[in-house]
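Numbering (our numbering), first residue to last: 1 to 528.
The beta-carbon is built from N, C-alpha and C at its ideal position, and this holds for glycine as well.
What follows is a set of notes on a single structure, which appears directly below.
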Amino acid sequence: MAHFNSRNPCLHSIAPPRRARWPLSLLAAAALLSACGGEDNPAATAGSHASVGQALAPATPMSGTVPPEKDTPDAVPASQPPAIDCDAQANDTDERLLECVTLAGVRAHQTELMNIAKAHRGTRLAGTRGYLASLRYVQKVLTNAGYRVKVQRFQFPVPRVEASSLRMAGQVAGEEIPHLALDYSGSAALTAGVTPTAGPRGCAAPDYAGFPHGQIALVRRGGCELTDKVLAAVAAGAVGVVIHNDDDGPLSGQLTVQAPLDVPVVLVSKTVGEQLLQRPLLGAPLQLQTQTSRSLGTTYNLIAESTGGDPSYVTMAGAHLDSVRAGAGINDNGSGVAALLETARQMARVEPKNRLRFAFWGAEEQGLIGSTHYVRTLPAAERAKLGLYLNFDMIGSPNHVFELYGGDGSAGEQAVSSPLLSAKIVDVFERFYADRGFASRRVSSGARSDHKPFADIGVPFGGIFTGAEQIKTAEEAKTWGGTAGEPYDACYHRACDTLDNVNEEALDVNADLVAHTLLFYAMQRLAP
C-alpha cells in the first residue's frame, strides 16, 4: 500500500491517528443487524441470509448504551482538562467533532464492511446478500444514533452472461482466447477485423481518429470508466470491443446500464492484448460472440434524517454503499461510507439549524441507479427544500491525490448546477486543505458519481475524490507523495480493494473534511 512521502512539505502536518471512541467489539456486535423505518423498508431477522426482496423484521435497539472511555485517576495529570466524552456531549464545534471523528472509528466501519464481504462471496454488489447485510449494518448504526431511518426500495437491471467466445478466425473451440465477458455487455455474434485505438486509452473521440467502421476496437484499460471506452468506440463505428488489462492479474470489471445492448464487450489480459497488437495478427479477423440478458432485480437506498433542524432547508450528503461484483469495495466506496457514517454518528447530539439528511446509495456501480431513482421520485415540494448536496466517493486511495469538484464549472462543464452557490461549497473544501497545509486541485465534476442526478435538477453540490485508475505523474508525486507511474488506486474495481487498499493518512484528513463540512452546513445556509 502506498503512503504519504514524509519528505513532502505538504504532508508534515498530518497528525498520528487519534484514539477511537467506539470499540471494535461494539461495531462487530452492530453487524448483527435488522431493519426499521420507512414505508418501503425491507425486513429480515438480524444475521439472516435473506435474499433480495425477502421481508425483514423490525429493528431491535441495542441493549444498554455505549460506555464512555474513562481514564484512571492517575492517568491524566490534574493540570490537564478532562478528556471529552464523545458518546455523551453535543459535538457542535469543530474542535469537539474532529476530536471524536477518529481514524480508528472510520476504519472500524470499514472493517465491518470487509467482514460482510468475506461472509458473502467477497462482494457487496447491489442485489446480493452482501449488499443487504451492508444496508442492515448502516441502518442499525444510524437508528441507534437516533436518526429517522427509511429504506427506499427500487428495481434495477440485473445482467447475466450466458455464453461467450473469442477466437481468431479459423480457430477451433479448444483454442479459444482467454477472456471475460463483462456485466452489461451487449449480445452479438460477429467476425471482424481488430483495430487498436489511435490514442493511448480510447476514452474520447480523438483516440479513434481514422478508426475504420465495422471493426472490433482493441482498447487499453485505464484512464476512464470502461463504459466510456465502449461508448466512444461505438461512436467511432466499432461493432465490438476488446479491452486489455495493464497487467496479467485476474480478469475483473463491469460496465453499466448505459452500455449498448447489441455490442459485445470482453476483457483480456495484458499478454493477450500484446499478442493481438502484434503485426502478424493485426487485420486478421476475430470471432467475438456474447450471449447476455438483463432482468429486473430489487435493491435499496437508505436515507437517515435528523429529528431537529428546519425541515424547509435540507443539508444532504451521500455515499454509495455498493461495491462491484469483483470485490469488497473498501476504498470504492467503503471509504466514503465509513467517513460519512462516523460523522453522522458523532453529530447525532448536535442541534442543527438545518435539517440533516444522510444518504447511502444502492446500485451506483450499475450506473447511478439508486440516486437517480431517489431524485426522480422526490416530489417537487421536497426538491425545493434541498439546500445542497455533498458527495463522498473514494476518499482514501492508496496512491492518492486531493481533488475537489462542484457544480461551479471551474474545471469542466460535465455537471454544472447553481454555479455561484456550488462555488461556495468548493471554496470550503479548498480552504480546509489550505488551512492544514495540504495542496488540492479542482477537477471536472464529471457524470460518474451520485452528484449527477442532483446537478440535473439544479441542486448546488460539491465533492472530494482521491483518484481511481488514472496514472500518477511525477509532478503529482512531488505534491502529494506516493509513486509516479502507478495508478492512484491499482485495485480499482478489483478483488484487491480490501482493508489494505487504503491510505490511512489520506483517509484521516478527508474524514476530518467530511465532518468539518457537514457541521459547517448544518449551521450555515448557502446564499448568493
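Suppose you measure from the CA of A348 to the CA of Y147; what does that come to, to the nearest Å?
Residue 348 sits at position 348 when you count from the first residue of the sequence shown. Residue 147 sits at position 147 when you count from the first residue of the sequence shown. Taking the straight line joining both Cα atoms gives about 7 Å.
Report the partner residues of H320 according to the DSSP bridge assignment.
For this step, residue 320 is matched to residue 320 along the sequence shown. In the DSSP output, where bridge partners are listed per residue, H320 has W361.
Where does P61 sit, in a helix, a strand or coil, going by DSSP?
Taking the first residue of the sequence shown as 1, we reach residue 61 at position 61. Per-residue confidence for P61 stands at a pLDDT of 35, beneath the threshold of 50, marking its modelled position as unreliable; no derived number is given.
Which residues DSSP lists as bridging I216, in chain order:
Taking the sequence shown and counting its residues from 1, one reaches residue 216 at position 216. Bridge partners of I216: V194, G240.
Could you check whether A339 and F402 sit closer than 9 Å to each other, using their CB atoms as the reference points?
Counting from one through the sequence shown, the residue named residue 402 turns up at place 402. Counting from one through the sequence shown, the residue named residue 339 turns up at place 339. No; because the gap between Cβ atoms is not below 9 Å, this pair is not in contact.
Out of R96, H120, Q89, D456, point me to the one whose CA is closest to A326's CA.
For the purposes of this step, residue 326 is taken as the residue at position 326 of the sequence shown. Closest by alpha carbon: H120.
Member of N245, D247, R201 whose CA lies at the smallest distance from the CA of A233:
In the sequence shown, the residue the question calls residue 233 occupies position 233. Checking every option, the nearest Cα to that of A233 belongs to R201.
Count the other C-beta atoms from every protein chain shown that fall within 10 angstroms of the C-beta of S335, then say buried if there are 16 or more, exposed otherwise.
Taking the sequence shown and counting its residues from 1, one reaches residue 335 at position 335. So S335 counts as buried.
Within 10 Å of its beta-carbon, does A490 have 16 or more other beta-carbons around it, so buried, or fewer, so exposed?
Within the sequence shown, numbered from 1, the residue matching residue 490 stands at position 490. Looking at its Cβ environment, which holds 16 or more other Cβ atoms inside 10 Å, A490 is buried.
Can you find the residues in the same chain that come closer than 7 Å, C-beta to C-beta, to Y184, ignoring five residues on each side of it along the sequence?
Here the question's residue 184 lines up with position 184 in the sequence shown. Counting only Cβ-Cβ distances below 7 Å, and skipping sequence neighbours, we find P159, Q254, L255, T256, V257, A259.
Is it buried or exposed for S449, if we count other Cβ within 10 angstroms and need 16 for buried?
On the sequence shown, position 449 is the one that residue 449 refers to. Under this definition S449 is a buried residue.
What does the alpha-carbon distance come out to for the pair L518 and T315?
The residue you call residue 518 lines up with position 518 of the sequence shown. The residue you call residue 315 lines up with position 315 of the sequence shown. Taking the straight line from one Cα to the other gives about 8 Å.
Let me check understanding here. Comparing Cα to Cα, which of G105, P487, P379 lies closest to A515?
The residue you call residue 515 lines up with position 515 of the sequence shown. Of the candidates G105, P487, P379, the one whose C-alpha sits nearest the C-alpha of A515 is G105.
Does the beta-carbon distance from L507 to T343 come in below 9 Å?
Sequence index remark: in the sequence shown, residue 507 carries index 507 (1-based). Sequence index remark: in the sequence shown, residue 343 carries index 343 (1-based). Not a contact, by the Cβ cut-off of 9 Å.
What residue ranges within the region 113-192 form continuous alpha helix (DSSP H) runs of no fewer than 4 residues, ordered along the chain?
129-145
Compare the C-alpha of R357 against each of A235, R376, A522 and name the closest.
Residue 357 sits at position 357 when you count from the first residue of the sequence shown. When each option's Cα is compared against that of R357, the closest is A522.
Pair within 9 Å by beta-carbon distance, N301 and G370
Looking up residue 301 in the sequence shown gives position 301. Looking up residue 370 in the sequence shown gives position 370. In this structure, G370 lies closer than 9 Å to N301 by Cβ.
Selection from L277, T377, G446, A439 that minimises the alpha carbon distance to G406
One-based indexing of the sequence shown puts residue 406 at position 406. Considering only alpha carbons, the answer is G446.
To the nearest angstrom, how far is it from the Cα of D85 to the Cα of V350?
Sequence index remark: in the sequence shown, residue 85 carries index 85 (1-based). Sequence index remark: in the sequence shown, residue 350 carries index 350 (1-based). Roughly 14 Å separates the two Cα atoms.
For a quick check, are the C-beta atoms of F465 and I395 less than 9 Å apart?
In the sequence shown, the residue the question calls residue 465 occupies position 465. In the sequence shown, the residue the question calls residue 395 occupies position 395. Cβ distance < 9 Å, so F465 and I395 count as in contact.
Identified DSSP bridge partners for Q291:
Taking the first residue of the sequence shown as 1, we reach residue 291 at position 291. DSSP output for Q291 lists A163 as bridge partner(s).
What does the alpha-carbon distance come out to for the pair Q89 and D427?
Taking the first residue of the sequence shown as position 1, residue 89 is located at position 89. Taking the first residue of the sequence shown as position 1, residue 427 is located at position 427. Cα to Cα, the separation comes out at about 29 Å.
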